[in-house]
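**Q** Sharing a structure here in structure tokens format.
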Amino acid sequence: MSTSLDGARRRAEELRRLISEHDYYYYVLDQPRISDAEYDALLQELIELEQTYPELITPSSPTQRVGGRPAEGFRPVRHRQPLLSLANAFGADDLKEFDQRVRQVVGPVDYVVEPKIDGLTVALVYQDGQLLTGATRGDGEVGEDITANLKTVRTVPLTLRRNLPRLEVRGEAYMTKEAFVRLNEEREAQGEPTFANPRNAAAGSLRQLDPRVTAARALNVFVYALMYSEGLEVATHDESLNILAELGFVVIPYRRVCTTIDEVIDLCQEWTDRRHELPFEIDGLVIKVNSFSQQNDLGATSKTPRWAIAYKFPAEQAITVIEDIIIRVGRTGVLTPTAILKPVRLAGSTVSRATLHNEDVIREKDVRIGDTVVVQKAGDVIPEVVEVCRERRQGQERPFTMPVVCPECRAPVIRLPGEAAARCTGTNCPAQLREGIIHFVSRDAMNIEGLGPAAISQLIASGLIKDAADLYYLDRGELLKLERMGEKSADNLLAAIEQSKHNSLAQLIFALGIRHVGQRAARILARQFGSLERLQAATYEELTGIPEIGSKIAESVCNFFAQEQNRVVLEKLKRAGVDPRERQTKDLPQLLAGKQFVLTGGLETLTRKEAEALIEQLGGKVSSSVSRKTDYVVVGADPGAKYDKAVALGITILHEDEFLELVKSSKIR
Ligand code: IVH
Numbered sequence: 016m017s018t019s020l021d022g023a024r025r026r027a028e029e030l031r032r033l034i035s036e037h038d039y040y041y042y043v044l045d046q047p048r049i050s051d052a053e054y055d056a057l058l059q060e061l062i063e064l065e066q067t068y069p070e071l072i073t074p075s076s077p078t079q080r081v082g083g084r085p086a087e088g089f090r091p092v093r094h095r096q097p098l099l100s101l102a103n104a105f106g107a108d109d110l111k112e113f114d115q116r117v118r119q120v121v122g123p124v125d126y127v128v129e130p131k132i133d134g135l136t137v138a139l140v141y142q143d144g145q146l147l148t149g150a151t152r153g154d155g156e157v158g159e160d161i162t163a164n165l166k167t168v169r170t171v172p173l174t175l176r177r178n179l180p181r182l183e184v185r186g187e188a189y190m191t192k193e194a195f196v197r198l199n200e201e202r203e204a205q206g207e208p209t210f211a212n213p214r215n216a217a218a219g220s221l222r223q224l225d226p227r228v229t230a231a232r233a234l235n236v237f238v239y240a241l242m243y244s245e246g247l248e249v250a251t252h253d254e255s256l257n258i259l260a261e262l263g264f265v266v267i268p269y270r271r272v273c274t275t276i277d278e279v280i281d282l283c284q285e286w287t288d289r290r291h292e293l294p295f296e297i298d299g300l301v302i303k304v305n306s307f308s309q310q311n312d313l314g315a316t317s318k319t320p321r322w323a324i325a326y327k328f329p330a331e332q333a334i335t336v337i338e339d340i341i342i343r344v345g346r347t348g349v350l351t352p353t354a355i356l357k358p359v360r361l362a363g364s365t366v367s368r369a370t371l372h373n374e375d376v377i378r379e380k381d382v383r384i385g386d387t388v389v390v391q392k393a394g395d396v397i398p399e400v401v402e403v404c405r406e407r408r409q410g411q412e413r414p415f416t417m418p419v420v421c422p423e424c425r426a427p428v429i430r431l432p433g434e435a436a437a438r439c440t441g442t443n444c445p446a447q448l449r450e451g452i453i454h455f456v457s458r459d460a461m462n463i464e465g466l467g468p469a470a471i472s473q474l475i476a477s478g479l480i481k482d483a484a485d486l487y488y489l490d491r492g493e494l495l496k497l498e499r500m501g502e503k504s505a506d507n508l509l510a511a512i513e514q515s516k517h518n519s520l521a522q523l524i525f526a527l528g529i530r531h532v533g534q535r536a537a538r539i540l541a542r543q544f545g546s547l548e549r550l551q552a553a554t555y556e557e558l559t560g561i562p563e564i565g566s567k568i569a570e571s572v573c574n575f576f577a578q579e580q581n582r583v584v585l586e587k588l589k590r591a592g593v594d595p596r597e598r599q600t601k602d603l604p605q606l607l608a609g610k611q612f613v614l615t616g617g618l619e620t621l622t623r624k625e626a627e628a629l630i631e632q633l634g635g636k637v638s639s640s641v642s643r644k645t646d647y648v649v650v651g652a653d654p655g656a657k658y659d660k661a662v663a664l665g666i667t668i669l670h671e672d673e674f675l676e677l678v679k680s681s682k683i684r
């Protein structure tokens, strides 16, 4: 083994230890000891080391969190112990009955009361301190192997802080309410269907065949049960959670040990009132006998343990009347029907609007203007119409039909086959412009403060802006003519706009609102191309050649830049001085600049895409056929006719190891 490989291995191990240590401070203790930038630097160093020495990659390396390759389907995994469900309690009487049954069998008990997270069960198995498998509940006996996806979840430790021969735990994967709202906003903006609630969003994210999609979603796991362990002595559930936290898990928060059922009942009452204060959704509380030996004595029925029960919160719904149904036109032209409600109190706030999602939903539920309806907050956040109270119909209710022209610009509305969404086809639709600018100035995009939706509407109505680039040409005098625009707000706004010129290229790309290009894709594109000009010049092949960029994004990027009006906006932005550059991942010496490569045969250590990306990062070009212009032909196993042609033309042949040597000597680090 060469000394450099030895050194690299030691450094990689050190980096993994450091990263896992800082994950623990950050996620479990909530007390980070280094800045995000320092953390990113450690991770980046490890990524680069592993790129140079792919043989150093281990399955539980933190770099593997970014997500491997899509699976064909999920492999079934049999659970060592079946995943039981819980019996339900709906009030104090049910809880008292449960308590009596328990005490009859085991005498005096302590209970642990903890939130019942509304997410998805996950079963995690660790062997020799490393995450071995992560699985869904499935039918309770056999679940699906979602290890690759769970690895992308930051709060799931890949390596335990103590090396135990075997450990099995269960927990709940969930999405915070905030992450859910953001994900839906992003999906809506990109013209993709939204999730009904955080639980569905978490399920949809975790059951992705492509772990890279999971990686891009903000998922978390709370561990709530130790199922099996070798090398641990634990007597109670409470203690087991303390130990699991020490091992690196984020355990279920807000748990309390209670000694009487009255205490438990009080807690249930308290949480019924306070549940909305939590940043994640809970649908009840779980009450568990604390002592493991008492749990054993109580045992289980075929379906549920006798030592635990779920207290379910009463459902929160309200009844009101739909006064009107209006259409909102989104940034990508999607028309969303929205019910205007007679204001009603619901789950801690007054609601006066509810989404009706799309035409199909309206038809399915047969929702009409004037109907009395049951509303609830979908996943506690966005109000939605659950059902119509048909028996309350008077006969004057009016069915709703989707408009055939856009209510804002009168352009025809189309609905593509297979899509639930109806879209405005207008290219100068003021609603699309307004929504596009709201997105452009939003926090994760150009982050221009002091420019709310009302001000944007004003700017558009007064003709001061016709596209996002016009923001950079605003005149102070013109601004002051606007209603409610004082000198101070005008100056602040102009300063914020000026400031935004220093934003990163990734922010600008995201701000452009290219369909399917979310923050993550924007970051990848920025790093890959380094400037808007180079991104604009990118071909479909170059785009799909980037490992994380699929055909959908590539197509959308090409379409975007092909449109004359977008090119005009970019030109105007540039002239205004909005032209950020990004240090490319590589900013590597372009040692392969001007060299043309052809790849043939299967490579062992790299996929075809990775090899292509590597060549391009170093300034080389990859083409699909051998000609006199080709400089190198890289041959793997079973090369095809390209090899023969290269030999015939006298072109330099590189075997895989020679190719890797060449790439390495270009110092990818
Ligand atoms: S204990 C044998 N604790 O609720 C004990 N379950 O019907 C099994 N859940 O889908 C469950 N939060 O994933 C337990 N703090 C908590 C929980 C919890 C959510 C879920 C669990 C399962 C369902 C139980």
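Taken in order, the sequence shown gives residues 16 to 684; the numbers are from my numbering. For glycine and all other residues, C-beta sits at the position ideal for the given N, C-alpha and C.
(1) So what does H670 bridge to, in DSSP terms?
(2) From G263 to V301, what distance separates their C-alpha atoms?
(3) Around the ligand IVH, which residues pass a check of Cβ closer than 5 Å to any of its heavy atoms?
(4) Excluding the 5 residues flanking C404 on each side, which residues of the same chain have their C-beta closer than 6 Å to its C-beta?
(5) A188 by DSSP, collapsed to three states: which one?
(6) Taking contact to mean 3 or more Cβ pairs, one atom from each stretch, closer than 8 Å, check whether the region 260-279 and the region 128-135 are in contact.
(7) Cα separation between R383 and Y243?
(8) Quick check for students: name the residue ranges of the beta strand (DSSP E) that lie wholly in the region 268-351, counting only runs of 3 or more.
(9) L64 and I34: beta carbons closer than 8 Å?
(10) Which of helix, strand or coil does DSSP assign to R181?
(11) Please state whether DSSP places N257 in a helix, a strand or coil.
(12) Is Q580 helix, strand or coil by DSSP?
(13) Candidates L20, E53, Q79: which alpha carbon is nearest T67's?
(14) Three-state secondary structure (DSSP) at V376?
(15) On the three-state DSSP scale, how would you describe I561?
(16) Are there three or more Cβ pairs, one per stretch, closer than 8 Å when the region 370-378 is compared with the region 426-438?
(17) State yes or no: is the C-beta of E498 within less than 8 Å of the C-beta of Q473?
(18) Starting from E399, follow its DSSP beta bridges and name the residues at the other end.
(19) Let me check understanding here. Comparing Cα to Cα, which of L350, A354, R413 lies closest to V420?
(20) From this set, S364, G345, R368, which residue's C-alpha is nearest L356's C-alpha?
(21) Evaluate the contact criterion for the region 502-511 versus the region 542-554: three or more CB pairs, one atom per stretch, below 8 Å.
(22) Using the beta-carbon count (16 or more within 10 Å), is E557 buried or exposed?
(23) Mind checking whether P595 and L520 have CB atoms under 8 Å apart?
(24) Taking the alpha-carbon positions, what's the L669 to G651 distance?
(25) So, using beta-carbon positions, are Q205 and G451 closer together than 8 Å?
(26) Please report the Cβ distance between G149 and V171, rounded to the nearest whole angstrom; I am assuming they are in contact, meaning their Cβ atoms lie under 8 Å.
(27) Between which two residues does the beta strand (DSSP E) carrying G219 extend?
(28) How many Å lie between G122 and A211 at the Cα?
(29) Taking a contact to mean a Cβ-Cβ separation below 8 Å, would you say V641 touches E627 in this structure?
(30) May I ask you to list the residues that DSSP assigns as paired with T615?
(31) At what residues does the beta strand (DSSP E) containing K131 begin and finish?
(32) Along the alpha helix (DSSP H) that carries L494, what are the first and last residues, could you check?
(33) Using DSSP with H/G/I as helix, E/B as strand and the rest coil, what is Q409?
**A** Considering the structure as presented:
(1) One-based indexing of the sequence shown puts residue 670 at position 655. DSSP lists V650 as partners of H670.
(2) Along the sequence shown, read from residue 1 onward, the residue named residue 263 stands at position 248. Along the sequence shown, read from residue 1 onward, the residue named residue 301 stands at position 286. Looking at the two C-alpha atoms, the distance is approximately 23 Å.
(3) L99, S100, L101, E129, K131, I132, T136, E187, Y239, I267, V301, P320
(4) Along the sequence shown, one-based indexing puts residue 404 at 389. For C404, where only same-chain residues beyond five positions count, the Cβ hits under 6 Å are T387.
(5) To locate residue 188, count along the sequence shown from 1; it is residue 173. In the structure shown, A188 sits in a strand (DSSP, three-state: E or B).
(6) yes
(7) Residue mapping note: residue 383 aligns to position 368 of the sequence shown, counting from 1. Residue mapping note: residue 243 aligns to position 228 of the sequence shown, counting from 1. One C-alpha to the other measures close to 54 Å.
(8) 271-273, 297-304, 323-327, 332-344
(9) Counted from its first residue, the sequence shown places residue 64 at position 49. Counted from its first residue, the sequence shown places residue 34 at position 19. Contact: no.
(10) Numbered from its first residue, the sequence shown carries residue 181 at position 166. Three-state DSSP puts R181 in a strand.
(11) Reading the sequence shown from its first residue, position 242 is the one you call residue 257. In the structure shown, N257 sits in a helix (DSSP, three-state: H, G or I).
(12) For this step, residue 580 is matched to residue 565 along the sequence shown. Helix.
(13) Residue mapping note: residue 67 aligns to position 52 of the sequence shown, counting from 1. Checking every option, the nearest Cα to that of T67 belongs to L20.
(14) Mapped onto the sequence shown, residue 376 falls at position 361. Note: V376 maps to helix in three-state DSSP.
(15) The sequence position of residue 561 within the sequence shown is 546, counting from 1. Of the three classes helix, strand and coil, the one that applies to I561 here is coil, per DSSP.
(16) yes
(17) Taking the first residue of the sequence shown as position 1, residue 498 is located at position 483. Taking the first residue of the sequence shown as position 1, residue 473 is located at position 458. Their beta carbons are under 8 Å apart, which means E498 touches Q473 by this criterion.
(18) Residue mapping note: residue 399 aligns to position 384 of the sequence shown, counting from 1. According to DSSP, which records beta bridges pairwise, E399 is partnered with T370, Q391.
(19) In the sequence shown, residue 420 corresponds to position 405, counting from 1. The shortest C-alpha separation from V420 is found at L350.
(20) Taking the first residue of the sequence shown as 1, we reach residue 356 at position 341. Looking at the Cα atoms, R368 is the closest of the given residues.
(21) no
(22) Your numbering for residue 557 matches position 542 in the sequence shown. Buried, by the Cβ-count rule.
(23) Taking the first residue of the sequence shown as position 1, residue 595 is located at position 580. Taking the first residue of the sequence shown as position 1, residue 520 is located at position 505. In contact: P595 and L520 (Cβ atoms closer than 8 Å).
(24) Taking the sequence shown and counting its residues from 1, the one referred to as residue 669 is at position 654. Taking the sequence shown and counting its residues from 1, the one referred to as residue 651 is at position 636. Their backbone Cα atoms lie some 9 Å apart in a straight line.
(25) Mapped onto the sequence shown, residue 205 falls at position 190. Mapped onto the sequence shown, residue 451 falls at position 436. Against a cut-off of 8 Å, the Cβ pair of G451 and Q205 comes out as no contact.
(26) The residue given as residue 149 occupies position 134 in the sequence shown. The residue given as residue 171 occupies position 156 in the sequence shown. At roughly 7 Å, the Cβ-Cβ gap stays under 8 Å, so G149 and V171 are in contact.
(27) In the sequence shown, counting from the first residue as 1, residue 219 sits at position 204. Taken as a continuous stretch (DSSP letters only), G219 belongs to no beta strand (DSSP E), being part of the alpha helix (DSSP H) at 213-221.
(28) Residue mapping note: residue 122 aligns to position 107 of the sequence shown, counting from 1. Residue mapping note: residue 211 aligns to position 196 of the sequence shown, counting from 1. Cα to Cα, G122 sits roughly 45 Å from A211.
(29) In the sequence shown, counting from the first residue as 1, residue 641 sits at position 626. In the sequence shown, counting from the first residue as 1, residue 627 sits at position 612. In this structure, E627 does not lie closer than 8 Å to V641 by Cβ.
(30) Residue numbering aside, residue 615 sits at position 600 when the sequence shown is read from its first letter. DSSP lists V650 as partners of T615.
(31) Position 116 of the sequence shown, counted from the start, is the residue given in the question as residue 131. Taken as a continuous stretch (DSSP letters only), the beta strand (DSSP E) holding K131 covers 126-132.
(32) In the sequence shown, counting from the first residue as 1, residue 494 sits at position 479. Counting along the chain, the alpha helix (DSSP H) containing L494 begins and ends at 491-495.
(33) One-based indexing of the sequence shown puts residue 409 at position 394. If DSSP states are grouped into helix, strand and coil, Q409 belongs with coil.
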